[in-house]
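Residue numbers (the numbering used here): 593 to 873.
Backbone N, C-alpha and C fix where the C-beta goes; we use that ideal spot for every residue, glycine too.
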């Protein structure tokens with residue numbers, strides 16, 4: 593309720609030649625000034641303000657709009673929490689993120705300059721671009737977590753130990769106790785080898801998804817540069833979900849989970865039910 597009251601009080605409406613103006617605040621200021629000439633304007637203004645806030649803040653549709661606006665603001669603020677995650681990447685990863693973000697900034701500038709789509713579609717596409725950038729960052733973090741010199745060295749050692757142990761078990765000179773112990777060790781190494789293979793497969797899938805996002809953003813930029821009407825791009829985000837679990841991000845998992853949850857909440861409250869609008873008309 594307080595959220596809706598605040599949104600109603602500061603609600604901005606478009607005025608030709610002036611842009612979005614907080615008409616409620618402007619109206620209150622006018623009543624305040626008029627009240628110095630005739631005190632009757634003050635209780636009149638207070639009464640009208642009370643009616644306005646009560647009617648609008650108790651309207652379920654406006655309450656949904658207020659929650660959505662607050663969630664969008666929170667989602668925008670979440671980008672300030674990206675830099676520490678980006679800083680954890682290797683230089684090539686940081687460069688890749690910045691390159692993609694620069695392309696997205698160019699797309700947004702072109703879209704706004706062309707004014708080629710409705711405000712609703714523009715906002716939806718900007719959220720899609722943000723989601724693409726966030727997914728790209730998560731993929732880079734996941735790839736770094738499952739690759740790297742240390743992990744490659746560990747994988748090579750597992751393979752070498754496995755081959756050596758297989759040769760040792762082939763020797764007829766082993767005692768039964770030694771053979772049993774080495775067989776148990778072999779089972780462990782084979783399990784570790786499966787994990788190594790899974791990491792390699794995951795890294796390959798992540799690289800493929802990174803390339804797909806890069807191609808998607810480049811296509812959007814090409815279309816915007818040519819002045820074409822922006823298509824709806826949100827449907828292109830359903831990729832890489834199979835590999836992006838909590839175990840893919842190492843020490844960054846908890847922070848990524850919190851940001852993901854906040855984005856999910858923003859999406860939930862800003863997506864209108866079928867056939868209905870989420871903002872007041």
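Skipping 5 residues on each side, what residues in its chain have a beta carbon closer than 7 Å to that of residue 777?
As a position in the chain shown, residue 777 is number 185, starting the count at 1. Contacts found: 757.
Applying the 10 Å Cβ sphere with the 16-neighbour rule, what's the burial state of residue 631?
Sequence index remark: in the chain shown, residue 631 carries index 39 (1-based). Counting other Cβ atoms within 10 Å of its Cβ, residue 631 stays below 16 and is therefore classed as exposed.
Can you list, in chain order, the residues of its chain whose CB lies under 7 Å from that of residue 596, leaving out five sequence neighbours each side?
For this step, residue 596 is matched to residue 4 along the chain shown. Closer than 7 Å at Cβ, skipping near neighbours: 649, 654, 655, 658.
Could you tell me whether the Cβ atoms of residue 844 and residue 677 are closer together than 7 Å?
As a first step, residue 844 is located in the chain shown; it is residue number 252 there, counting from the start. As a first step, residue 677 is located in the chain shown; it is residue number 85 there, counting from the start. Contact: yes.
Nearest CA to the CA of residue 724: which residue from 603, 818, 806, 598?
Residue 724 sits at position 132 when you count from the first residue of the chain shown. Of 603, 818, 806, 598, the residue nearest in Cα terms is 806.
Taking 7 Å as the cut-off, decide whether the C-beta atoms of residue 727 and residue 685 are in contact.
Your numbering for residue 727 matches position 135 in the chain shown. Your numbering for residue 685 matches position 93 in the chain shown. It is not a contact, given that the beta carbons lie outside the stated cut-off.
So, is residue 794 buried or exposed, given that buried needs 16 or more other C-beta atoms within 10 angstroms?
Residue numbering aside, residue 794 sits at position 202 when the chain shown is read from its first letter. When all chains shown are included, residue 794 counts as buried.
If you draw a straight line from the alpha carbon of residue 751 to that of residue 803, how long is it in whole angstroms?
Position 159 of the chain shown holds residue 751. Position 211 of the chain shown holds residue 803. The C-alpha of residue 751 lies about 29 Å from the C-alpha of residue 803.
Distance between residue 852 and residue 785 (C-alpha atoms, nearest Å):
Along the chain shown, one-based indexing puts residue 785 at 193. Along the chain shown, one-based indexing puts residue 852 at 260. Roughly 32 Å between the two C-alpha positions.
How about residue 692 and residue 809: are their beta carbons less than 7 Å apart?
Here residue 692 refers to the residue found at position 100 of the chain shown. Here residue 809 refers to the residue found at position 217 of the chain shown. Yes, the Cβ-Cβ distance between residue 692 and residue 809 is below 7 Å.
Enumerate in chain order the residues of its own chain whose CB-to-CB distance from residue 627 is below 8 Å, with the five nearest sequence positions on each side excluded.
Numbered from its first residue, the chain shown carries residue 627 at position 35. Once the five neighbours on either side are set aside, the close Cβ partners of residue 627 are 633, 634, 637.
If we require 3 or more residues per run, which beta strand (DSSP E) segments fall completely within the segment 740 to 786?
none
Measuring straight from C-alpha to C-alpha, what distance separates residue 617 and residue 701?
As a first step, residue 617 is located in the chain shown; it is residue number 25 there, counting from the start. As a first step, residue 701 is located in the chain shown; it is residue number 109 there, counting from the start. Cα to Cα, residue 617 sits roughly 31 Å from residue 701.
C-alpha distance - residue 832 paired with residue 620, whole-angstrom precision
As a working note, residue 832 is residue 240 in the chain shown. As a working note, residue 620 is residue 28 in the chain shown. Here the model assigns residue 832 a pLDDT of 49, short of 50, so the residue's position is not dependable, and the following value carries that caveat. The alpha-carbon atoms of residue 832 and residue 620 are separated by roughly 52 Å.
Taking the alpha helix (DSSP H) that residue 646 falls in, what are its first and last residues?
Position 54 of the chain shown holds residue 646. For residue 646, the uninterrupted alpha helix (DSSP H) segment begins and ends at 633 to 649.
Can you name, in chain order, every residue of its own chain whose Cβ lies under 8 Å from the Cβ of residue 774, other than the five neighbours on each side?
For this step, residue 774 is matched to residue 182 along the chain shown. Cβ within range, chain order: 757, 760, 761, 766.
List the endpoints of the continuous alpha helix (DSSP H) containing residue 842.
Start at 1 with the first residue of the chain shown, and residue 842 comes out as number 250. Run containing residue 842: none; DSSP gives neither H nor E here.
Out of curiosity, what's the CA-to-CA distance linking residue 694 and residue 812?
As a working mapping, residue 694 is identified with position 102 in the chain shown. As a working mapping, residue 812 is identified with position 220 in the chain shown. Taking the straight line from one Cα to the other gives about 13 Å.
Alpha carbon to alpha carbon, how far is residue 796 from residue 682?
As a working mapping, residue 796 is identified with position 204 in the chain shown. As a working mapping, residue 682 is identified with position 90 in the chain shown. Cα to Cα, residue 796 sits roughly 18 Å from residue 682.
Length of the line joining the Cα atoms of residue 594 and residue 642:
Here residue 594 refers to the residue found at position 2 of the chain shown. Here residue 642 refers to the residue found at position 50 of the chain shown. About 14 Å.
Relative to the C-alpha of residue 815, which candidate in 782, 779, 739, 703 has its C-alpha closest?
For the purposes of this step, residue 815 is taken as the residue at position 223 of the chain shown. Of 782, 779, 739, 703, the residue nearest in Cα terms is 703.
Can you give me the Cβ contacts of residue 674 inside the same chain, cut-off strictly under 7 Å, excluding the 5 residues immediately before and after it?
Taking the chain shown and counting its residues from 1, the one referred to as residue 674 is at position 82. Only residues of its own chain outside the window of five on either side were considered, and among them 729 have a CB closer than 7 Å to the CB of residue 674, listed in chain order.
If distances are taken between C-alpha atoms only, which option among 644, 769, 622 comes closest to residue 599?
Stepping through the chain shown from its first residue, residue 599 is reached at position 7. The shortest C-alpha separation from residue 599 is found at 644.
Pick from 763, 749, 690: whose alpha carbon is nearest that of residue 722?
In the chain shown, counting from the first residue as 1, residue 722 sits at position 130. For the set 763, 749, 690, the Cα lying nearest the Cα of residue 722 is the one of 690.
Inter-residue spacing [alpha-carbon to alpha-carbon] between residue 542 and residue 720:
Nothing in the structure corresponds to residue 542, since the chain is present only between 593 and 873.
From 680, 639, 817, residue whose alpha carbon lies closest to that of residue 737
For this step, residue 737 is matched to residue 145 along the chain shown. Comparing Cα positions, the closest option is 680.
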